[in-house]
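Here's the structure we're looking at; comments come further down.
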Amino acid sequence: MSTATNTSSGAATSGSLASSVAFRSFVTVFAIVTPVIYTACEMRNWPLFTYHPGTNKVDLFWAAAVKDEGPAMYWYGWTATTLIVAGVLGLLATKLPESTMRKIPLSLTWIASLAAIPVLIYALRFFWRW
Amino acid sequence: MGLIPDFILDYVSDNTFWTILFIVHALLAVALLGALTHQAVAVLMPVRQPVGAGVPGFVTRFRAVHGPGYAVAVCVLWIVTFFFGAWIYTKYRMYVRIPIEQAGYWKTQGVFELKEHMAVIGLGLLPIYWYFWKNARNPEYDSARKGVTVTLAAFCWFMFLVGHILNNVRGFGS
């Protein structure tokens, strides 16, 4: 059906992800909730796992740095938590009726990302010292 | 120290490996920055007349790119650059951040943390960015497409500049 599609045009092809209502619901919710969940993970410190680069060890969820074994890294764990939770919420959104999804303003996709920045700057206040 | 496949260390030293990885990360970032900047300028100041009409100036040629053609490249570049950056981060945390903190460059470290946050938030925007550009002829998405593209470009510029600053403060091998 779509064999004659000019892929360089960027136009949607029928039957593809780009024309799928479910995919639209997934990506809309995924984009909106990612900054919200990530900010919560950072501020509440909810990593899925903790990586210890000095020893190459991984602990499930949050773990403190071990004395004399270097620092603990939580960013990987925050990222994993965020992508998994956002993915699940995105999948749940595909079950919602299209009429409900169309009520969500698409501008929220980038406004949520920008709005997270001042909150994250505040969360990093430890570093803003003179 | 860190995550390097053993067979690679048969050919290059540990330091050489991380330096090559960092340079590749930086070069990918340059490509991503260029693609996103072209695309962002194209959506902010679209060319109204065909480029062939008269002799277009540099700015006109700069913004007269075919936006949809960049979408997949931007997604791939963001993901690969993110992956390499996340890999380098293991080394950075041990050998760059600790000396930076000891030297008292707190704000420098703070903007790096913000860069890492933006990289993840940008990752979350990629699926809808791709979707909007695959539906580039749908006017319903024009405004949101512009917002998402400019947001990603702004994030990319910030991350690129912060990466440069950090490398100036304490690059690998210093």
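Just so you know, the protein sequences line up as chains G and E, in that order. Residue 42 is where the first sequence starts when you use the working numbering, and the numbers rise one by one after that. Residue 1317 is where the second sequence starts when you use the working numbering, and the numbers rise one by one after that. The beta-carbon is built from N, C-alpha and C at its ideal position, and this holds for glycine as well.
Within chain G, partners of residue i - CB distance below 9 Å
i	result
residue 1410 (chain E)	94, 95, 111, 112
residue 1459 (chain E)	147, 148
Residue i, DSSP secondary structure in three states
i	result
residue 90 (chain G)	strand
residue 142 (chain G)	helix
residue 1462 (chain E)	helix
residue 109 (chain G)	coil
residue 114 (chain G)	strand
residue 96 (chain G)	coil
residue 171 (chain G)	coil
residue 1451 (chain E)	coil
residue 1370 (chain E)	coil
residue 1379 (chain E)	helix
residue 122 (chain G)	helix
For residue i: DSSP bridge partner residues
i	result
residue 1423 (chain E)	None, per the DSSP bridge assignment.
residue 101 (chain G)	G:90
Chain G residues whose Cβ lies nearer than 7 Å to that of residue i
i	result
residue 1464 (chain E)	150, 151
residue 1327 (chain E)	Residues of chain G passing the Cβ test: none, with the nearest at roughly 22 Å.
Short CB-CB distance (under 8 Å) between residue i and chain G
i	result
residue 1354 (chain E)	no
residue 1443 (chain E)	yes
residue 1433 (chain E)	yes
residue 1477 (chain E)	no
residue 1335 (chain E)	no
CB contact check: residue i to chain E, cutoff 8 Å
i	result
residue 72 (chain G)	yes
residue 139 (chain G)	no
residue 79 (chain G)	yes
residue 90 (chain G)	no
residue 116 (chain G)	yes
residue 122 (chain G)	no
Amino acids of chain E, ordered along the chain, whose beta-carbon sits closer than 7 Å to that of residue i
i	result
residue 169 (chain G)	1423, 1426
residue 75 (chain G)	1437, 1440
residue 157 (chain G)	1437
residue 163 (chain G)	Near residue 163 (chain G) there are no residues of chain E at all, since even the closest Cβ is about 11 Å away, more than 7 Å.
residue 68 (chain G)	1443, 1444, 1447
Member of the options whose CA lies at the smallest distance from the CA of residue i
i	options	result
residue 1352 (chain E)	E:1444, E:1319, E:1472, E:1406	E:1472
residue 1434 (chain E)	E:1329, E:1361, E:1478, E:1344	E:1478
residue 1398 (chain E)	E:1432, E:1386, E:1423	E:1432
Per-residue contacts from residue i into chain E (C-beta, under 8 Å)
i	result
residue 127 (chain G)	1440
residue 85 (chain G)	In chain order: nothing, as chain E lies at least about 14 Å away.
Under 8 Å from the C-beta of residue i: neighbouring residues of chain G
i	result
residue 1467 (chain E)	151, 154, 155
Any non-hydrogen atom of the ligand NAD closer than 7 Å to residue i Cβ
i	result
residue 1425 (chain E)	Absence of the ligand NAD is noted for the structure shown, with no ligands found whatsoever.
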